[in-house]
Amino acid sequence: DTEVTQTPKHLVMGMTNKKSLKCEQHMGHRAMYWYKQKAKKPPELMFVYSYEKLSINESVPSRFSPECPNSSLLNLHLHALQPEDSALYLCASSQGGGGTTDTQYFGPGTRLTVL
Amino acid sequence: GIQVEQSPPDLILQEGANSTLRCNFSDSVNNLQWFHQNPWGQLINLFYIPSGTKQNGRLSATTVATERYSLLYISSSQTTDSGVYFCAVGVWADKLIFGTGTRLQVFP
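Protein chains in written order, with the numbering used here: chain H, 41 to 155; chain S, 402 to 509.
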């Protein structure tokens with residue numbers, strides 16, 4: 041099973057709202073990722089968790105707060121977002137942590153609109 | 402940082418045609434993957450290919466790491482092949498950098 045699930049599929053929120061995106065994998069992967077993708081652009085890495093610890097933060101604004109409660113779950117908490125944060129948010133996982141030799145498997149994404 | 406350029410940016414084909422997509426990268430890499438993003442946004446991993454040649458059905462890929470490029474071949478294209486094809490390269494510690502993408506449209 042190479043499935044990564046994400047909820048919700050779509051999310052509309054106001055600039056004062058607090059919401060969370062959820063990602064889950066049951067492949068025993070030790071690395072999990074958040075990417076942001078704007079329309080007609082490639083995905084851009086936001087965060088990497090390796091063995092449940094934050095290993096990469098690509099200078100993401102603090103209004104995005106990642107959390108890895110256990111090895112299967114990854115959350116992205118959203119607070120005081122701006123309209124320019126509207127995008128497709130993709131979660132991915134890969135077998136091992138701390139290396140560059142792994143295939144990444146992506147979830148279907150959450151399409152976020154900030155009003 | 403490393404630059405990843407893909408060509409062509411857009412490609413329009415009739416069903417049954419063959420095509421070659423190219424990915425050039427500006428520095429040595431130890432991870433290279435090809436993805437297909439369907440019109441609904443789902444990214445599907447096609448190949449993990451930091452070097453050498455692989456084939457999977459109508460798709461095949463070749464990476465020449467010493468010359469810093471990779472090629473994705475699609476034979477006998479089908480309408481379901483439509484979408485955006487990305488190559489992504491890894492340089493260090495789990496970080497993948499995606500290329501600019503090739504948007505493919507296949508018409509019946």
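Just so you know, even glycine gets a beta-carbon here, dropped at the ideal spot from N, CA and C.
Predicted model only: the values in this text are computed from it and were never measured.
Using beta-carbon positions only, say whether leucine 61(H) and glutamine 46(H) come within less than 8 Å of one another. On the first sequence, residue 61(H) is found 21 positions in, with the first residue counted as 1. On the first sequence, residue 46(H) is found 6 positions in, with the first residue counted as 1. Against a cut-off of 8 Å, the Cβ pair of glutamine 46(H) and leucine 61(H) comes out as a contact.
Kindly say whether asparagine 457(S), judged by its beta-carbon, lies nearer than 8 Å to any beta-carbon of chain H. Working through the second sequence from its first residue, we reach residue 457(S) at position 56. Not an interface residue.
Integer Cβ distance of tyrosine 474(S) from serine 461(S), believed to fall under 8 Å: In the second sequence, residue 474(S) corresponds to position 73, counting from 1. In the second sequence, residue 461(S) corresponds to position 60, counting from 1. At roughly 5 Å, the Cβ-Cβ gap stays under 8 Å, so tyrosine 474(S) and serine 461(S) are in contact.
Give a yes or no on whether the C-beta atoms belonging to leucine 497(S) and valine 507(S) are separated by under 8 Å. For the purposes of this step, residue 497(S) is taken as the residue at position 96 of the second sequence. For the purposes of this step, residue 507(S) is taken as the residue at position 106 of the second sequence. Taking 8 Å as the Cβ cut-off, leucine 497(S) and valine 507(S) do not qualify as a contacting pair.
Taking any Cβ of chain S, which residues in the segment 82-97 of chain H have a Cβ under 8 Å from it, in chain order? Pro82, Pro83, Glu84, Leu85, Val88, Ser90, Ser95, Ile96
Beta-carbon of proline 48(H) versus every beta-carbon of chain S: anything under 8 Å? Within the first sequence, the letter at position 8 stands for residue 48(H). Taking Cβ atoms only, chain S never reaches closer than 8 Å to proline 48(H), which makes this a no.
Within the same chain, show all residues whose beta-carbon is closer than 7 Å to that of glutamine 122(H), passing over the 5 residues directly before and after it, in chain order. What you label residue 122(H) is simply residue 82 of the first sequence in a count that begins at 1. For glutamine 122(H), where only same-chain residues beyond five positions count, the Cβ hits under 7 Å are Met55, Val154.
Less than 8 Å separating the beta-carbons of serine 134(H) and aspartate 125(H)? Position 94 of the first sequence holds residue 134(H). Position 85 of the first sequence holds residue 125(H). Contact: no.
Between glutamine 434(S) and chain H, is any beta-carbon pair separated by less than 8 Å? In the second sequence, the residue the question calls residue 434(S) occupies position 33. Interface flag for glutamine 434(S) against chain H is set, since a Cβ pair is found closer than 8 Å.
Beta-carbon separation (whole angstroms), phenylalanine 499(S) vs proline 83(H), contact threshold 8 Å: Numbered from its first residue, the second sequence carries residue 499(S) at position 98. Numbered from its first residue, the first sequence carries residue 83(H) at position 43. 5 Å between Cβ atoms; contact.
Using a Cβ-Cβ cut-off of 8 Å, state whether tyrosine 449(S) counts as contacting chain H. The count along the second sequence starts at 1 and reaches residue 449(S) at position 48. With 8 Å as the cut-off, tyrosine 449(S) counts as an interface residue toward chain H.
At a CB-CB cut-off below 8 Å, which residues of chain H make contact with glutamine 415(S)? Indexing the second sequence from 1 puts residue 415(S) at position 14. Correct list: empty, because the minimum Cβ distance to chain H is about 24 Å.
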